[in-house]
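For reference, the structure discussed in these notes is given below.
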Amino acid sequence: MTTNPILLDIKDLIIQFSAYKSVVKAIQGVSLTMHKGETLGIVGESGCGKSVTASAILQLIPCPPGKIVSGEIWFEGENILTKSETEMRQIRGKTISMIFQDPMTALNPVFTVGDQIVTVIGLHQKVGKKEARRRAADMLRLVGLSDPAATLKKYPHEMSGGMSQRIMIAMALSCRPSLLIADEPTTALDVTVQAQILDLMKNLKKEIDTSIMLITHDLGVIAKMCENVAVMYAGRIVEYGSLRHIFKNPGHPYTQGLLSSTLKLGEEKDRLEIIEGTVPDLSKLPPGCLFNPRCSQAEAICSREVPGTVEIEKGHVMACHL
Amino acid sequence: MVVVLWVLTMVTFFLTTIAPSDPAGLWVGPRPKPGQLEKARKQLGLDKPAHVRYVIYLKNLTRGDFGVSIRTRQPVTEELKRYFAATIELVTVAIIISLIIGIPLGIYTAFRRESLADHSGRIFSLMGVAVPIFWLGMMFQLTLSSGLKILPLQGQISSYVFLTSPVKSITGFYLIDSLVTGNWVAFKDIIIHMILPAITLSFASLAFIVRITRSSMIEVMTADYIRTAKAYGLGNKLIRYKYALKNGLIPVVTVTGLSYAYELGGSILVENIFDWPGMGRFLWLSIINNDYPGIMGVTIVFAVICCTINLMVDLVYALIDPKVRIAGT
Amino acid sequence: MEAVPQKADSRLARKTERIAYFLYLIGRNRLFMLGLGIGAIIVMAALFAPWIAPYPGDATGDINMQAKLKPPSSQHFMGTDHFGRDIFSRVLYGTRKSLSIGIGIVLIAFIIGLPLGLIAGYYGGRIDEILMRICDGFLSFPVLLLPIAIGGVFGGSMKVNMIGLAIVWWPWYVRLLRGQVLITREQAYVMAAKSIGVKNTTIILRHIIANSIGPVLVQVSLDLGYAILASASLSFIGIGAKPPMAEWGFMISEARPYFMNFWWTTTFPGLAIFLTVFTFNLLGDGLREILDPKTR
Chain R
0 MTTNPILLDI KDLIIQFSAY KSVVKAIQGV SLTMHKGETL GIVGESGCGK
50 SVTASAILQL IPCPPGKIVS GEIWFEGENI LTKSETEMRQ IRGKTISMIF
100 QDPMTALNPV FTVGDQIVTV IGLHQKVGKK EARRRAADML RLVGLSDPAA
150 TLKKYPHEMS GGMSQRIMIA MALSCRPSLL IADEPTTALD VTVQAQILDL
200 MKNLKKEIDT SIMLITHDLG VIAKMCENVA VMYAGRIVEY GSLRHIFKNP
250 GHPYTQGLLS STLKLGEEKD RLEIIEGTVP DLSKLPPGCL FNPRCSQAEA
300 ICSREVPGTV EIEKGHVMAC HL
Chain B
0 MVVVLWVLTM VTFFLTTIAP SDPAGLWVGP RPKPGQLEKA RKQLGLDKPA
50 HVRYVIYLKN LTRGDFGVSI RTRQPVTEEL KRYFAATIEL VTVAIIISLI
100 IGIPLGIYTA FRRESLADHS GRIFSLMGVA VPIFWLGMMF QLTLSSGLKI
150 LPLQGQISSY VFLTSPVKSI TGFYLIDSLV TGNWVAFKDI IIHMILPAIT
200 LSFASLAFIV RITRSSMIEV MTADYIRTAK AYGLGNKLIR YKYALKNGLI
250 PVVTVTGLSY AYELGGSILV ENIFDWPGMG RFLWLSIINN DYPGIMGVTI
300 VFAVICCTIN LMVDLVYALI DPKVRIAGT
Chain Y
0 MEAVPQKADS RLARKTERIA YFLYLIGRNR LFMLGLGIGA IIVMAALFAP
50 WIAPYPGDAT GDINMQAKLK PPSSQHFMGT DHFGRDIFSR VLYGTRKSLS
100 IGIGIVLIAF IIGLPLGLIA GYYGGRIDEI LMRICDGFLS FPVLLLPIAI
150 GGVFGGSMKV NMIGLAIVWW PWYVRLLRGQ VLITREQAYV MAAKSIGVKN
200 TTIILRHIIA NSIGPVLVQV SLDLGYAILA SASLSFIGIG AKPPMAEWGF
250 MISEARPYFM NFWWTTTFPG LAIFLTVFTF NLLGDGLREI LDPKTR
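Residue numbers (numbering that gives the first Met the number 0), protein chains in the order written: chain R, 0 to 321; chain B, 0 to 328; chain Y, 0 to 295.
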């Protein structure tokens, strides 16, 4: 993995949103690195900032009310945070693609599916309609949809959730991006379909030779798909490591809490463990470690100082005083 | 639809049966000679019981016979034939004005939020629907016709033109007929006469359409699929004017149907003020003179027009929104 | 020991915070404030017309042919009409007529529409279908048609107009309430309440009505304006108002033979109508913005 070149490097990203009489500090300094060919999982509760981080990469955050206060995002040798809107349009859908949570609403209901894919292909690959349609059909076949020609003429509401998400994946990968960002791609789907979609993504990753940033709150998905995992809490990355590191030897109390609150296959428990308390109000952050109020292992220093990064083992870091 | 129409005929007929003034009395006028009242009653069929009269009325309706106007003593059908085209012309032109100006304005202000144009647009749409049509028409007459003398005061066509280059009647619609027969003089004249009444009629609908278009477009821009389009690098123009617009116009279609109905009602007032020879004015005269057949005739025709418009709106819906199309098949 | 005062304290603090928030939203919406301001003036005019009007008699039957058709002056702010009556006083009195009929129409429509809408929405099925068909029927026709038919046949009066317009108006409220019921019904907390075994009527009363207050309030404000406009139109046609009534629409129609040469006879009553309807539009629109989280 370390032999592969760095694909994405996020450095100290700070993002804030202005709301009624307050400033929501959504992201307070996130740094991440992804290598080519990697599948990185970002896991955390709702509201921890994972989607914001992903949207920031493509500059999809509405500014106002959002604001990228500071930070750099290096992609393929350039700081894409400095790029203009026009330049970003060259990247979106072409070198970096994103798929979203609910495929049923992600597609325009008054246009055929074919119309939408063909537009994207035509835009980025600069080919004529006929050629674009041919390529679209190829992509549909690739994602496992039979009878591409008929499917292209369908409207989004005529398809199931699973089909729609396949179409989204087809569209996302149609221009062979280097990075695919998947924001909760299976959350809105049935469990059986979830597995199919994840398998599809795994296979296509190899075939298209792309890297995947997978955002989810579901640890099972992480376990199935990812090589490295970043755990986010309240706008910060609290732990980062390989899949083995995180699952076998979680260092941060939050990660430990997450893992113990689920059941593993065959395990029996009388009560599911929970993490007491709720996520902090991002506009009124307490001093010190943000997880401190809920942490069962908290010590005095935790309420005073924000923890820095501590290395647990090689390639496995966390932000904790313990 | 048919049910509603039928109920409407029942209601209007019922109203005339319980009306206080006596149609026969109106027919013969004041101070009738003895026996004349009885004769009139027989003639008008008023001696038969109400439900029988209703059945006769319905039967006549299906033959296109609306009865005879008490005021003009002509068959209502004949009168309406004359005035139908004029009203339809006026209302249709007014709707077109509302759409052609309203939709682009709504879109413009939707994409320039918080700008001066947006604020003025919003205030205009709030004001536009608050203005009483009849008053607006009169104000226009006061300033533009009588004051500045740039536009004619009343009428559909000036008497001079009417006499010197009369319009050959093909469809009954003066605008179309004069255009088709190459009668430019009459065409220009009619357009000039149409300007004020049409603008007056379209005013409130225009304001409303600006407002609906604006809010619809704003709402559409927050949709998921627009975020997707942006995430795939589609340019602003493409997103706004193709992907967003088609969705955003769907509510506007409904509003257009409603506006047509509204303007039909408004024609009662506008035709009165501008002396436009249409059904609205006929209705008004019928009201003043207690001409029940006249009132009922126009009411039913208006209702039929509204039903037709609603059907057309449904059709357009099916064209734009594929969800409707598939549900219907 | 510390718990009790703290609890009361935070509850009060939270309540004041919420009120402060709403006031902030209202204040931020300048159009709404404007509507409130003008609205207050109009209501004042209506309530205190007999005392504010310089010539109250003119609105109730006096005629003064010597002051006939005088332009606006310091004695007659809005001039006089063809019977020498002070237009300003008549406009003030007209406020009462318009507001009362407007409120009457909306009230009746609401009283009829509310229960019907709740029933249609909550019970669904055939009742809902039938009601919806009836409403669709009403909604697709020009609003003035039925009142005109009624008025034209019966000779009309303000009360008849009010009832006639209310009859045409109630379908809007049925639609509105039904829509609200449908939305609220699907909301998770209604289902949650049901699952705990809360009775049907309790669900209706609490959740649905509480949620519907917002949109209904918006609709009521807007409708007050439109109802006034409709009734003024009817008076203009000649249905409803009789001399010497000081009703805006009627004043305009009375002045028709004169307004070309005496512009003030129609301009001011018309402005009054416009201002009133505009005010209600501002209020309704402002309310809508305040209540809709999306635009915040």
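Heads up, the beta-carbon is just placed ideally off N, CA and C, and yes, glycines get one too.
Because the structure is a prediction, the values reported are computed rather than measured.
- Straight-line measurement puts the Cα of L79/B at about 26 Å from the Cα of F202/B.
- Secondary structure at T79/Y: strand, using DSSP grouped into helix, strand and coil.
- For I120/R, the closest of L80/R, T104/R, R175/R, I180/R by C-alpha to C-alpha distance is R175/R.
- Chain-order list of chain R residues neighbouring I319/B: V109, by C-beta distance under 9 Å.
- A222/R and G46/R have their C-alpha atoms roughly 21 Å apart.
- When beta bridges are read from the DSSP output, S69/R appears opposite I13/R.
- Taking a contact to require three or more Cβ pairs closer than 8 Å, the region 197-211 of chain R and the region 109-127 of chain R do not qualify as touching.
- Along the region 84-109 of chain R, the positions whose C-beta sits under 8 Å from a C-beta of chain B are M87, R88, Q89, I90, R91, G92, K93, S96, M97, F99, D101, T104, A105, L106, N107, P108, V109, read in chain order.
- Across the set L6/R, N3/R, A25/R, the C-alpha of A25/R shows the shortest separation from the C-alpha of D280/R.
- Only those residues of the region 233-245 of chain B whose C-beta falls short of 7 Å from the nearest C-beta of chain R are listed: L233, G234, Y242, K245.
- For I132/B and T199/B, the gap between their C-alpha atoms comes out near 6 Å.
- DSSP places M212/R outside any alpha helix (DSSP H); the residue lies instead in the beta strand (DSSP E), whose first and last residues are 210-215.
- Neighbours of V119/R in chain B, taken as residues whose beta carbon is under 7 Å from its own, are Y231 in chain order.
- For G105/B, same chain residues with a beta-carbon under 6 Å away, outside a window of 5 residues either side, are V209, T212, R213 in chain order.
- In the displayed model, E206/R falls within a helix according to three-state DSSP.
- Look at R91/R here: in three-state DSSP terms it is strand.
- V142/R is a Cβ neighbour of L199/R, given a cutoff of 8 Å.
- L282/Y and M32/Y have their C-alpha atoms roughly 8 Å apart.
- When DSSP states are grouped into helix, strand and coil, R235/R belongs to the strand group.
- The shortest C-alpha to C-alpha distance from R165/R to any of D137/R, H315/R, L178/R is the one to D137/R.
- With the criterion set as a beta carbon lying under 9 Å from some beta carbon of chain R, the members of the region 216-229 of chain B are A222, D223, Y224, I225, R226, T227, A228, K229, in sequence order.
- In this structure, DSSP gives G279/B a helical state, which the three-state scheme calls helix.
- Identification of chain B residues near N28/Y by a Cβ-Cβ cut-off of 7 Å yields none; the smallest Cβ-Cβ distance measures about 12 Å.
- A318/R sits close to R235/R, with the two beta carbons spaced by under 8 Å.
- Setting aside the 5 residues that flank it on each side, V215/Y is surrounded in the same chain by L175, each with a C-beta closer than 7 Å to its C-beta; the list follows chain order.
- The C-alpha of L35/Y lies about 48 Å from the C-alpha of E86/R.
- By alpha-carbon distance to I87/B, the top candidate from S285/B, F172/B, T255/B is F172/B.
- For the C-beta of L268/B, the chain Y residues within less than 9 Å are, from N- to C-terminus, L143, S232, F235, I236.
- Cβ-Cβ distances below 6 Å link I207/Y to V180, T183 in the same chain, with the five nearest sequence neighbours on each side left out; the list follows chain order.
- Chain B places a beta carbon closer than 8 Å to that of W262/Y, counting this residue as a contact.
- As for any alpha helix (DSSP H) of minimum length 4 sitting wholly inside the region 117-180 of chain Y, the runs are 124-138, 144-153, ordered along the chain.
- P292/B carries a helical assignment under DSSP once its states are collapsed to helix, strand and coil.
- Leaving aside the five residues that flank L221/Y on each side, the residues in its chain whose CB is nearer than 7 Å to its CB run, in chain order, F279, N280, G283.
- Under the 8 Å criterion on CB atoms, G101/Y is classed as non-interfacial with respect to chain B.
- When Cβ-Cβ separations below 8 Å define contact, Y19/R makes no contact with chain B.
- Assignment of Q195/R by DSSP, reduced to helix, strand and coil, places it in the helix class.
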